[in-house]
Amino acid sequence: MRRPPLIDLATHEFPWVTPPELASYLPCDRRTILRMIAAGSLDAYQIGRHWRIPIDEARRAFHVKAHNKSPMDTQGTSQI
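The numbering of the sequence shown is the working numbering, which starts it at 312 and goes up by one.
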């Protein structure tokens, strides 16, 4: 049974994601993400032994559009 995703690419607020976070969003293993990085189909930066994937690159690679949270998403009423 699959675990729930650690992130939602459409609303993720940080500038990068890790291979395990990205793999939890997609139906694949983190090793698949690392193979994509090695093949050059996914841009990423290595910091020591760890990989970081820019969120914009992850969205582009997997065709996910960003959604900005509006004031109504958090409160249920407009804050204008």
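By construction, the Cβ of each residue, glycine as well, lies at the ideal position given by its N, Cα and C atoms.
On a predicted model such as this, the values are computed, not experimentally measured, just so you know.
If one requires a minimum length of 3 residues, the beta strand (DSSP E) runs lying completely within the stretch 330 to 374 are 356 to 358 and 361 to 365, in chain order. Taking the C-beta atoms as reference points, L320 is found nearer than 8 Å to R370. Nearest neighbour of P331 by Cα position, chosen from I318, T322, E324 and E368, turns out to be I318. In this structure P338 does not touch I366 by the C-beta definition: roughly 19 Å separates them, more than the 8 Å allowed. Relative to the Cα of S352, the nearest Cα in the group G359, I344 and L333 belongs to I344.
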